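S.K.:
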Amino acid sequence: VAGATINTSGALTVRATRVGADTALAQIVRLVEQAQTGKSAVQRLADRISAVFVPVVLVIAAATFLGWWLLGDDLRDAVDASVAVLIIACPCALGLATPVAIMVGTGRGAQLGILIKSVETLEQTRRISTVVFDKTGTLTDGSMSVVDVVTDPADADGITEGLLLARAGAVEADSEHPIGRAIAAEARRAHGSLDPVDAFEAIPGHGIRADVDGSTVWVGRRELIGAAGLHLATELDDAAIAREIEGRTAIFVGWEGRVRGVIAVSDTTSRSAAATVERLHDRGLAVAMITGDNARTARTVADEVGIDRVIAGVLPAGKQSEVERLQADGEKVAMVGDGINDAPALTQADLGIAIGTGTDVAIESSDLTLMRGDVAHVVTAIDLSRRTYRTIVQNLFWAFAYNTVAIPLAVAGLLNPLVAGAAMAFSSVSVVANSLRLRRFRPTDVPPSVRDEAPVPTTPGVPV
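Converting from the sequence shown to our numbering requires adding 9 to each position, the first position being numbered 1.
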């Protein structure tokens with residue numbers, strides 16, 4: 010099986026045959042190196058200006074020499090003035106302005122567990138107007154657990170909660186979805202071994218079907234049982250709605266023409282989700298949540314963490330189109346996700362932010378990766394990116410302003426070459442010193458338990 014292959018249905022066991030340079034650590038090293046050697050649009054603009062600036066300075070220096078020599082009739086003064094122009098206009102600070110800031114900023118990000126994959130990411134971050142979060146595994150911990158099992162009291166076959174859970178667990182035994190794993194784990198805890206299944210089929214975004222003991226068992230969302238033509242008793246429907254209002258996810262289980270019961274699954278909201286949303290609002294950013302859950306469950310979670318816009322009932326393939334729709338409305342969108350089905354949306358977004366504890370596909374599709382997996386670092390990543398970009402702009406402004414002011418002084422003979430050399434060196438030192446201030450960047454308004462985590466291990470040879 011080739012790397013990055015996605016198994017869309019059925020169960021599959023894979024053996025890893027390549028390690029070393031393909032490990033997560035090696036990828037981190039490459040990403041940091043790529044970001045530190047890239048060029049932003051601002052730097053490319055500075056390069057174009059420098060291509061004009063240098064020959065213009067040479068012309069000014071030559072004109073200064075001729076002017077002092079012809080008008081002043083003093084060769085020494087002419088040489089001093091022209092050399093002072095060349096020294097004071099040396100674009101050392103201009104050349105250092107961007108790479109030093111990027112080196113320090115991305116290195117500081119690596120220490121904080123934030124991988125900035127390209128310089129363009131720094132520019133995109135400052136334009137973001139809306140942050141969209143995936144729910145499961147991002148705003149929530151993704152550690153689902155079964156909290157309730159409800160059967161139909163009017164079922165003539167007398168299906169028990171134990172039988173319902175055993176059959177649902179058998180179907181979900183090989184599932185990779187957090188809900189499926191939770192149901193299978195609860196079934197194993199209650200019954201030990203699970204029955205084998207045949208004709209296993211995953212229906213993306215809806216659920217799973219498989220044959221257990223000669224019956225085709227359906228486990229999934231309300232849409233799945235509707236498509237399967239299973240009858241849903243009013244009592245079970247009411248029970249599912251009641252649990253959805255409580256913020257739980259209702260999973261329907263049925264076979265032989267009718268829904269036999271409902272399994273309620275609950276997830277824990279991330280301890281830093283509410284604080285993260287509040288901090289994003291403080292920075293003037295709109296916050297939305299996108300999820301495949303029904304609107305009632307999604308709204309409960311959104312209210313708990315303070316999110317004002319909910320996009321619910323979205324199938325995996327629909328997340329990208331939802332992000333695209335926001336962009337069509339004029340929003341600059343940052344997408345935060347961790348799963349395989351988030352990858353297209355991460356790529357579509359103006360800024361893709363992947364939770365590092367998620368899938369490799371999501372990480373590869375993103376612009377920023379949060380290696381620690383805590384949603385609180387979304388704000389930290391945005392703050393650091395904006396601070397780094399602002400430092401680049403400050404450096405470039407200082408470098409250009411310095412030359413603009415100093416060159417006329419040199420032409421007028423008010424700077425001798427010795428003073429000009431010292432001033433030129435000072436401009437370079439000031440740019441470096443301004444960039445090094447990024448090393449003191451620390452997350453603000455973050456709980457101590459998150460802020461003071463140990464830094465991510467680094468590799469020798471990678472500047473941090």
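The beta-carbon is built from N, C-alpha and C at its ideal position, and this holds for glycine as well.
Here the structure is a predicted model, which is why all the values come from computation and not from measurement.
Can you list the beta strand (DSSP E) stretches of 3 or more residues lying completely in the region 258-315, in chain order?
M.R.: The qualifying runs are 258-264, 267-275 and 295-299.
S.K.: Helix or strand or just coil, what does DSSP make of LEU424?
M.R.: Looking at LEU424 - three-state DSSP - the assignment turns out to be coil, as it is neither helix nor strand.
S.K.: If you reduce the DSSP assignment to three classes, tell me which class GLY351 lands in.
M.R.: Gly is not the amino acid found at residue 351; the sequence shown has Asp there. Here ASP351 sits in helix by DSSP.
S.K.: What's the gap between the Cα of LEU393 and the Cα of GLN403?
M.R.: Each residue's Cα considered, the two are about 15 angstroms apart.
S.K.: How many angstroms separate the CA atom of VAL140 from the CA atom of SER202?
M.R.: If you take the alpha carbons of VAL140 and SER202, they lie about 43 angstroms apart.
S.K.: When the distance is taken between beta carbons, is ASP351 closer than 8 angstroms to ASP143?
M.R.: Yes; because the gap between Cβ atoms is below 8 angstroms, this pair is in contact.
S.K.: Tell me the DSSP secondary structure of LEU203 in three-state form.
M.R.: In this structure, LEU203 counts as coil in the three-state DSSP scheme.
S.K.: So, are the CB atoms of GLY214 and ALA193 less than 8 angstroms apart?
M.R.: Against a cut-off of 8 angstroms, the Cβ pair of ALA193 and GLY214 comes out as no contact.
S.K.: Taking all protein chains shown into account, do 16 or more other C-beta atoms lie within 10 angstroms of the C-beta of PRO452, making it buried, or fewer, making it exposed?
M.R.: Buried.
S.K.: Return the Cβ separation of LEU360 and THR160 in integer angstroms, given the expectation that the two are a contact with Cβ distance under 8 angstroms.
M.R.: Between THR160 and LEU360 the Cβ distance is about 46 angstroms, and since that is not below 8 angstroms, they are no contact.
S.K.: Taking the beta carbon of ARG85 as the centre, do at least 16 other beta carbons fall within 10 Å, making it buried, or is it exposed?
M.R.: Answer is exposed; the Cβ neighbour count stays below 16.
S.K.: For a test of the three-state rule: what should DSSP assign to SER18, helix, strand or coil?
M.R.: Here SER18 sits in coil by DSSP.
S.K.: Could you tell me the boundaries of the alpha helix (DSSP H) in which ASP86 lies?
M.R.: Where ASP86 is concerned, the enclosing alpha helix (DSSP H) stretches over 84-97.
S.K.: To which residues of the same chain is ILE260 closer than 8 angstroms at the C-beta, ignoring the five residues directly before and after it?
M.R.: Excluding sequence neighbours, ILE260 sits near ALA177, ILE188, ILE192, GLY216, VAL228, GLY229, ARG230, VAL271, ILE272, ALA273 and VAL274.
S.K.: Can you pull the DSSP bridge partners for ALA343?
M.R.: ALA343 is bridged to VAL140 and LEU360.
S.K.: Determine the direct distance from the alpha carbon of ILE97 to that of GLY76, and round the result to whole angstroms.
M.R.: If you take the alpha carbons of GLY76 and ILE97, they lie about 18 angstroms apart.
S.K.: Heavy atom of the ligand ZN less than 7 angstroms from the Cβ of ALA242, yes or no?
M.R.: Among the components modelled here there is no ligand, and therefore nothing to report on the ligand ZN.
S.K.: When you compare only the Cα positions, how much space is there between GLY322 and SER18?
M.R.: Each residue's Cα considered, the two are about 21 angstroms apart.
S.K.: Around the C-beta of PHE435, are 16 or more other C-beta atoms found within 10 angstroms, so that it is buried, or is it exposed?
M.R.: Classification for PHE435: exposed.
S.K.: Work out the CA separation of ASP164 and LEU245 for me, nearest whole Å.
M.R.: Whole-angstrom Cα-Cα distance: 11 angstroms.
S.K.: Ignore the nearest five residues each way along the sequence and tell me which others in ALA415's own chain have a CB closer than 6 angstroms to its CB.
M.R.: Here the set comprises ILE97.
S.K.: Measuring only the C-alpha atoms, how far is THR258 from THR306?
M.R.: So the two alpha carbons sit approximately 7 angstroms from each other.
S.K.: Tell me which residue opens and which closes the alpha helix (DSSP H) that ARG252 is part of.
M.R.: 243-254 is the span of the alpha helix (DSSP H), which, as asked, contains ARG252.
S.K.: Are the Cβ atoms of LEU239 and VAL268 separated by less than 8 angstroms?
M.R.: A contact, by the Cβ cut-off of 8 angstroms.
S.K.: Give the secondary structure of GLY167 by DSSP, where H, G and I count as helix, E and B as strand, and everything else as coil.
M.R.: Reduced to three states, the DSSP call for GLY167 is coil.
S.K.: Using 8 angstroms as the threshold, is the C-beta distance between MET380 and ILE362 below it?
M.R.: Going by C-beta atoms, MET380 is not nearer than 8 angstroms to ILE362.
S.K.: Leaving out five residues on either side along the sequence, give the residues of the same chain with a beta carbon under 7 angstroms from the beta carbon of ARG279.
M.R.: It should be pointed out that residue 279 corresponds to Ser in this sequence rather than to Arg. Closer than 7 angstroms at the Cβ level, and outside the excluded window around SER279, lie LEU148, THR149, ASP150 and VAL384.
S.K.: Can you give me the C-alpha to C-alpha distance between ARG24 and ILE15, rounded to a whole angstrom?
M.R.: Answer to the nearest angstrom: the Cα atoms are 14 angstroms apart.
S.K.: Could you compute how far the alpha carbon of GLU195 sits from the alpha carbon of ASP222?
M.R.: Distance between the alpha carbons of GLU195 and ASP222 is about 20 angstroms.
S.K.: Measuring straight from C-alpha to C-alpha, what distance separates LEU21 and ALA249?
M.R.: Approximately 32 angstroms, taken between the alpha carbons.
S.K.: Relative to the C-alpha of GLU255, which candidate in GLY263, LEU241 and THR277 has its C-alpha closest?
M.R.: Minimum Cα distance to GLU255 is reached at THR277.
S.K.: Taking the alpha carbon of PRO353 as the reference point, which residue from ALA93, VAL332 and ILE364 has its own alpha carbon closest?
M.R.: Looking at the Cα atoms, VAL332 is the closest of the given residues.
S.K.: What's the call for THR243, buried or exposed, on a 16-neighbour Cβ count within 10 Å?
M.R.: It counts as exposed.
S.K.: I'd like to know whether the C-beta atoms of ASP312 and SER127 end up nearer to each other than 8 angstroms.
M.R.: No. Outside cutoff.
S.K.: If you check the beta carbons only, do ILE123 and ALA390 fall under 8 angstroms apart?
M.R.: It is a contact, given that the beta carbons lie within the stated cut-off.
S.K.: Return the CA-CA distance between THR378 and ALA410, expressed in angstroms with no decimal places.
M.R.: Going from the Cα of THR378 to the Cα of ALA410 covers about 36 angstroms.
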